[in-house]
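Asker: Here's a structure for you.
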Amino acid sequence: MTLSSIRKAPPCAFVLFGANGDLTHRLVFPALYNLAVQKLLPEGFAIIAVTRSEFGEREMRDHLRDGLKQFCKPPVDEKVANALLERVQTVVADASDPASFETLKKTLADADEKHDTHGNRIFYLAIPPKGFAPTVQALGKAGLTGENNGSYVRVIIEKPFGSDLASATKLNSELRAILKEDQIFRIDHYLGKETVQNILMLRFANGLFEPIWKREHIDHVQITVAESVTVGRRGAFYDETGALRDMVPNHLFQLLSLVAMEPPARLDAQSVRSEKARALDAIRQWTPEEALANSVRAQYVAGKIGDEQIADYRSEKDVAPNSTTETFVALRLAIDNWRWAGVPFYMRTGKALARRYTEVAIKFREAPISMFRGIDLDGLRSNYLVLQIAPDEGITLQFNAKTPGPNLAITRVAMDFKYSDFFDTPPATGYETLLFDCMIGDGMLYQRDDGVEAGWRAVEPFLRAWRQAGESGLALYRAGSTGPAEADALLARDHRRWRPTA
Ligand code: BG6
9 MTLSSIRKAP
19 PCAFVLFGAN
29 GDLTHRLVFP
39 ALYNLAVQKL
49 LPEGFAIIAV
59 TRSEFGEREM
69 RDHLRDGLKQ
79 FCKPPVDEKV
89 ANALLERVQT
99 VVADASDPAS
109 FETLKKTLAD
119 ADEKHDTHGN
129 RIFYLAIPPK
139 GFAPTVQALG
149 KAGLTGENNG
159 SYVRVIIEKP
169 FGSDLASATK
179 LNSELRAILK
189 EDQIFRIDHY
199 LGKETVQNIL
209 MLRFANGLFE
219 PIWKREHIDH
229 VQITVAESVT
239 VGRRGAFYDE
249 TGALRDMVPN
259 HLFQLLSLVA
269 MEPPARLDAQ
279 SVRSEKARAL
289 DAIRQWTPEE
299 ALANSVRAQY
309 VAGKIGDEQI
319 ADYRSEKDVA
329 PNSTTETFVA
339 LRLAIDNWRW
349 AGVPFYMRTG
359 KALARRYTEV
369 AIKFREAPIS
379 MFRGIDLDGL
389 RSNYLVLQIA
399 PDEGITLQFN
409 AKTPGPNLAI
419 TRVAMDFKYS
429 DFFDTPPATG
439 YETLLFDCMI
449 GDGMLYQRDD
459 GVEAGWRAVE
469 PFLRAWRQAG
479 ESGLALYRAG
489 STGPAEADAL
499 LARDHRRWRP
509 TA
């Protein structure tokens, strides 16, 4: 996971299914370019751009180059870009047409010759999820999934991994019918974020925090992923999916599991992922009544974000006019293990909120006895360790200090660490570390089957209870606000408050 541990990626052919799509254009190819700039791509390297319909070699290169212009930090280094683009070959292949995979096989054999890629292959499926299993099956049929003579074959897919526990389990077993688990690399782009990776470092590279990282010292944890974007052009996908499925079992649970997991036996892919899955497994399965009482789902109505007038969610393009899909969710979770018994984990995420803001806030218990009677104690309640993830990346520790002067008064102060003050991070789309890790075979920052299933299992009670409740219980909030009042009430019930986000 650290690029600086200087592991060299072995040669490989990088096969991009969906090469003409948005994900390739915005993130994957720009990330390959950024790796090339940092000299982290292997010498023996080929890119096979796969599309379902004819796309000329030249047209493909222009399309990919355009992605670099739009999504990489200018100026684009033409020499590096050209060297990378020269390695691109296009192939038309469609899972429903087995013969097309023979062409792909032939192209890969040629790449081994021409670019010395040693039979190593990464298949990146930048395609809609319904294509994952058929594509892997077609690769299997074409004899492209076997690892022969010490070569490797890895397949990268990106969420959604199913839409509930049953569909995720089905997808996992379809993939595992062809591939070994360690050949499957499931991306959650939150694990590509430096601050998210840093949660591991913070907890396990410092002696300072571990002794207090438990129920005796922690009052509760708040995870907030607020977005100011609306559903935009993704109405059709989003209206089927909703905020819970879109964000919680994946991104928010990555944050939760890194905070809640037990120390792994080793900092390696198997140990870390086992502990993360175990943490998710310990999330209490609420009864339907409890699930309703411990959750808030809401949808945005017209409002203003900055100067922009936002329409009702229900009038967005490709959204059903009577949609009951939630665009905001807040949950209260309990983790039933010895470390976290009695420590609620609150989480909230939503679209069309006042501003983009992502953080994990750990609130420590109050001092056992107050020696400061008679003065305003509001500040005293706020020993927070805040892991800021967006828009600024950093860590803040909030505590109380004496306000200078003859009177006894307390002010909340903070120790602030900002990434930008300490590090010059190279330009990145957030996919660089993930792609590099796949090339070196390190799956620590990828999701394993049990973690995905544990995530779905933990949200099932909410999905089920909401399905039964239908429209009743769907709250509303104004676009540009900080969310529905019901989310505040969820914490107020426990005599707690969300940290301000706007
Ligand atoms: C995606 C979701 O996985 O993550 C989007 O599908 C969401 O709806 C996005 O906007 C958030 O990612 P980030 O990195 O902007 O927090």
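Numbering-wise, the numbering used here comes out as the position in the sequence shown, counting from 1, plus 8. Using N, Cα and C, we set each Cβ at its ideal position, and we do this for glycine too.
#1: Just to confirm, are A5 and V304 a CB contact at a threshold of 8 Å?
#2: In whole angstroms, what separates the C-alpha of N28 from that of L93?
#3: Using three-state DSSP, classify E316 as helix, strand or coil.
#4: Is A398 near the ligand BG6, in the sense that its beta carbon is under 7 Å from a heavy atom of that ligand?
#5: Quick one: Cα of V327 to Cα of I135, how far?
#6: For K77, which three-state DSSP category applies?
#7: Tell me which residues share the same chain as M269 and place their Cβ nearer than 6 Å to its Cβ, disregarding the 5 neighbours each side in the sequence.
#8: So who's on the other strand from H228, going by DSSP bridges?
#9: Tell me which residue opens and which closes the beta strand (DSSP E) that R292 is part of.
#10: For G154, which option in A39, K167, V96 and I192 has the closest C-alpha, if you only look at C-alpha atoms?
#11: Quick one: does the C-beta of M255 sit closer than 7 Å to a heavy atom of the ligand BG6?
#12: Please report the Cβ distance between A338 and L498, rounded to the nearest whole angstrom; I am assuming they are in contact, meaning their Cβ atoms lie under 8 Å.
#13: Taking 7 Å as the line, does the beta carbon of V233 fall inside it for any heavy atom of the ligand BG6?
#14: Quick one: grab the DSSP three-state call for A141.
#15: Going by the CB atoms, is the gap between F372 and N391 shorter than 8 Å?
#16: Have a look at F79, G75, P19 and H33 and flag the residue whose alpha-carbon is nearest the alpha-carbon of A54.
#17: If you measure between the beta carbons of R540 and A176, is that distance less than 8 Å?
#18: Is V237 near the ligand BG6 - that is, is its Cβ less than 7 Å away from at least one heavy atom of it?
#19: Taking 7 Å as the cut-off, is the CB of T441 close to at least one heavy atom of the ligand BG6?
#20: Since A119 is in the beta strand (DSSP E), which residue starts that stretch and which ends it?
#21: Rounding to the nearest angstrom, what Cα-Cα distance links N180 and L173 in this structure?
#22: In the DSSP assignment, what are the bridge partners of M423?
#23: For P296, which residues in the same chain have their Cβ closer than 8 Å to its Cβ, ignoring the five residues on either side in sequence?
#24: Pick helix, strand or coil for E62, following the three-state DSSP scheme.
#25: In whole angstroms, what separates the C-alpha of G5 from that of T490?
#26: By how many angstroms is the C-alpha of R95 removed from the C-alpha of I164?
#27: Can you have a look at N330 and say buried or exposed, based on whether 16 or more other CB atoms are within 10 angstroms of its CB?
#28: With 16 as the cutoff for other CB atoms within 10 Å, does D70 come out buried or exposed?
#29: Is any heavy atom in the ligand BG6 found nearer than 7 Å to the beta carbon of T366?
#30: In this structure, how does DSSP classify Y198 when only helix, strand and coil are distinguished?
#31: Looking at H71 and the ligand BG6, is the gap between the Cβ and the nearest heavy atom below 7 Å?
#32: For the ligand BG6, is there any heavy atom lying closer than 7 Å to the beta carbon of K325?
#33: Can you tell me whether DSSP reads K167 as helix, strand or coil?
#34: Check whether the Cβ atoms of N199 and I403 sit closer than 8 Å, and answer yes or no.
#35: Do you know offhand how far S323's Cα is from K149's?
Answerer: Quick look at the numbers:
#1: Lying before the first or after the last residue shown, residue 5 is absent from the chain, which here runs from 9 to 510.
#2: Looking at the two C-alpha atoms, the distance is approximately 14 Å.
#3: Of the three classes helix, strand and coil, the one that applies to E316 here is strand, per DSSP.
#4: Answer for A398: yes, Cβ within range of the ligand BG6.
#5: Taking the straight line joining both Cα atoms gives about 22 Å.
#6: Of the three classes helix, strand and coil, the one that applies to K77 here is helix, per DSSP.
#7: Spatial neighbours of M269 in its own chain (CB-CB distance under 6 Å, excluding positions within 5 residues in sequence) are listed in chain order as E283, K284 and A287.
#8: The beta-bridge partner set that DSSP reports for H228 consists of K371.
#9: Element bounds for R292: n/a, residue is neither H nor E.
#10: Shortest Cα-Cα distance from G154 to any of A39, K167, V96 and I192 involves I192.
#11: True, at least one ligand heavy atom lies under 7 Å from that Cβ.
#12: The beta carbons of A338 and L498 sit about 6 Å from each other, so the pair counts as a contact at 8 Å.
#13: It does: the Cβ of V233 is within 7 Å (strictly closer) of some heavy atom of the ligand BG6.
#14: Collapsing the DSSP output to three states places A141 in a helix.
#15: The answer is yes: Cβ separation under 8 Å.
#16: When each option's Cα is compared against that of A54, the closest is P19.
#17: Look at the range of the chain in this structure, 9 to 510, and you will see that residue 540 is not part of it.
#18: At least one heavy atom of the ligand BG6 is nearer than 7 Å to the Cβ of V237, so yes.
#19: Result no, Cβ not under 7 Å from the ligand BG6.
#20: For A119, there is no enclosing beta strand (DSSP E); the enclosing alpha helix (DSSP H) covers residues P106 to H123.
#21: Rounded to whole angstroms, the separation of the alpha carbons of L173 and N180 is 10 Å.
#22: M423 is bridged to L405.
#23: Excluding positions up to five away in sequence, the list reads P469, R472, A473 and Q476.
#24: Three-state DSSP puts E62 in coil, outside helix and strand.
#25: Since the first residue of the chain shown is 9 and the last is 510, residue 5 is not available in this structure.
#26: Each residue's Cα considered, the two are about 20 Å apart.
#27: So N330 counts as exposed.
#28: Classification of D70: exposed, given that the 10 Å Cβ count is below 16.
#29: Remark: the shortest separation between the CB of T366 and any heavy atom of the ligand BG6 falls under 7 Å.
#30: Reduced to three states, the DSSP call for Y198 is helix.
#31: At a cut-off of 7 Å, the beta-carbon of H71 does not count as near the ligand BG6: no heavy atom of the ligand is closer than that.
#32: Flag unset: Cβ of K325 not near the ligand BG6.
#33: Coil.
#34: Here the sequence assigns Leu to residue 199, which means Asn is not the residue at that position. Using a Cβ distance threshold of 8 Å, L199 and I403 do not count as a contacting pair.
#35: Cα to Cα, the separation comes out at about 45 Å.
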